[in-house]
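**Q**
What follows is the structure in structure tokens.
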């Protein structure tokens with residue numbers, strides 16, 4: 654089962670890289686050093702719906718209010734919905750450090766602290782970040 658989970662996260666990472674928004678492509682062209690990380694989160698099953706609401710609210714606030722937050726994608730494993738993966742791209746490490754001090758991030762962390770059973774953060778280095786431009 655662990656190999657299947659690792660394979661799932663590997664494939665998910667590849668898919669998420671290919672889903673970046675067109676606005677990110679413009680920013681990435683100007684800034685060749687984005688800060689990219691993947692969060693692998695396991696949620697208490699009794700709190701899953703509340704967690705999804707909190708995460709969605711946080712992601713919407715971060716992307717709309719912070720110019721340094723370029724991408725925040727959150728998905729859950731189809732076969733194991735308590736396993737959530739968040740793919741985050743920031744303009745820089747400084748943008749990330751600013752992000753984790755914002756009121757909406759602090760509210761999110763406070764809200765979900767008892768919902769999260771485990772959290773693994775992995776910093777990654779982009780190989781290719783491509784997306785189609787909207788027509």
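Residue numbers (the working numbering): 654 to 788. By construction, the Cβ of each residue, glycine as well, lies at the ideal position given by its N, Cα and C atoms.
In the DSSP assignment, find the alpha helix (DSSP H) that holds residue 747 and state where it starts and stops.
**A** Residues 746 to 752.
**Q** If you follow the alpha helix (DSSP H) that residue 741 is in, where does it begin and where does it stop?
**A** No alpha helix (DSSP H) contains residue 741, which is instead part of the beta strand (DSSP E) from 733 to 743.
**Q** Since residue 772 is in the alpha helix (DSSP H), which residue starts that stretch and which ends it?
**A** Counting along the chain, residue 772 falls outside any alpha helix (DSSP H), though it belongs to the beta strand (DSSP E) covering 769 to 777.
**Q** Name the two residues that bound the continuous alpha helix (DSSP H) containing residue 701.
**A** 701 to 718 is the extent of the alpha helix (DSSP H) around residue 701.
**Q** Just the Cα atoms here: how many angstroms apart are residue 697 and residue 736?
**A** When rounded, the distance between both Cα atoms is 9 Å.
**Q** Within 10 angstroms of the Cβ of residue 699, are there 16 or more other Cβ atoms? Answer buried if so, exposed if not.
**A** Burial call: exposed.
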